[in-house]
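A.B. asks:
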Amino acid sequence: VSTNVHFSKGTPNEQFLYEDLVIEAIGIYGHDVFYIPRTLVDKDQLFGEDSLSRFDDAYGIEMWMQTQEGYEGEKELVTRFGLEIRDETQFIVSRRRWDNVVSRNDNLITNLRPDEGDLIYFPTVRKLFQINFVDHDDPFYQVDNLPVYKLYCSTFEYSSEVLDTGITDIDVIEDKRSMDELQWQFVGE
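Counted the way the working numbering counts, the sequence shown spans residues 15 to 203.
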């Protein structure tokens, strides 16, 4: 038994209309943020991490913060090591806008989608969020299309990564929080 041929589950025109409506809704209810891709300098093949990561680029794009009522997660947590802030949120970005802004041909980034470990700077609250997971199929094939990426993010814990994006509000985070002893050396003449 096959499906009824008289009912369409999504023509290209409907898909573009749906995607246009999503882009318009994000433009109305969303925020201007900066997507900051991670550049791996010396990846440890055993642990799969890079302690020397750099963040050299920032791309302005509109995203919708799905958790409008506030942050999720454990929030403020007092541990034996002190106060930890574990704010979590979700951002939604349009695939078409992503392709137009970040994944362009003249761009040096070869990412076809946002990557885990990349950062989002939210200027309204002056916070950096790290992408923990990218859900590429939510909402699940409405009109046979996947129009958005849903980014699950948590507050970024700075650990002496190089932030050199050219945007002062982002780069000053490194200046304020860096524990790199080379930045605090005196030069004798």
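We put the beta carbon where it would ideally sit given N, CA and C, even for glycine.
If you drop the 5 nearest sequence neighbours on each side, which residues of the same chain put their C-beta closer than 8 Å to that of residue 39?
C.D. replies: Result list for residue 39: 78, in chain order.
A.B. asks: For residue 73, report the span of its beta strand (DSSP E) as first-last.
C.D. replies: Per DSSP, residue 73 belongs to the beta strand (DSSP E) from 73 to 79.
A.B. asks: Tell me the DSSP secondary structure of residue 101 in three-state form.
C.D. replies: Looking at residue 101 - three-state DSSP - the assignment turns out to be strand.
A.B. asks: I'd like to know whether the C-beta atoms of residue 100 and residue 84 end up nearer to each other than 8 Å.
C.D. replies: The answer is no: Cβ separation not under 8 Å.
A.B. asks: Count the other CB atoms, across all protein chains shown, that sit within 10 Å of the CB of residue 33; report buried if there are 16 or more and exposed otherwise.
C.D. replies: Label assigned to residue 33: buried.
A.B. asks: Considering Cα atoms alone, identify which of 103, 57, 54 and 163 is closest to residue 153.
C.D. replies: Of 103, 57, 54 and 163, the residue nearest in Cα terms is 163.
A.B. asks: If you compare alpha carbons, which of 140, 18, 16 and 25 is closest to residue 155?
C.D. replies: Out of 140, 18, 16 and 25, 25 has the C-alpha closest to the C-alpha of residue 155.
A.B. asks: Hey, out of 137, 36 and 48, whose CA is closest to residue 128's CA?
C.D. replies: Nearest option by C-alpha distance: 48.
A.B. asks: Quick check on DSSP: helix, strand or coil for residue 165?
C.D. replies: DSSP places residue 165 in strand when its eight states are reduced to three.
A.B. asks: At a threshold of 7 Å, does residue 64 count as lining the ligand COA (C-beta to nearest heavy atom)?
C.D. replies: As for the ligand COA, it is missing from this structure, which has no ligand bound.
A.B. asks: Does the count of Cβ pairs from the region 162 to 179 and the region 101 to 108 closer than 8 Å reach three?
C.D. replies: The region 162 to 179 is in contact with the region 101 to 108.
A.B. asks: I need the boundaries of the beta strand (DSSP E) containing residue 134, first residue and last residue.
C.D. replies: Unbroken beta strand (DSSP E) run through residue 134: 133 to 136.
A.B. asks: Write down the C-beta distance between residue 181 and residue 111 rounded to the nearest angstrom, noting that I regard them as a contact closer than 8 Å.
C.D. replies: Wrong, their Cβ atoms sit about 19 Å apart, outside the cutoff.
A.B. asks: Short check: CB of residue 94 to CB of residue 69, under 8 Å?
C.D. replies: The answer is no: Cβ separation not under 8 Å.
A.B. asks: Figure out for me which residue from 109, 90, 136 and 113 has the closest Cα to the Cα of residue 149.
C.D. replies: Selected option, being the one with the closest Cα: 109.
A.B. asks: Mind checking whether residue 50 and residue 133 have CB atoms under 8 Å apart?
C.D. replies: Yes, these two residues count as a Cβ contact at 8 Å.
A.B. asks: Out of 73, 63 and 67, state which residue places its alpha-carbon closest to the alpha-carbon of residue 55.
C.D. replies: Per the Cα distances, 67.
A.B. asks: Going by DSSP in three states, residue 68 sits in which element: helix, strand or coil?
C.D. replies: Strand.
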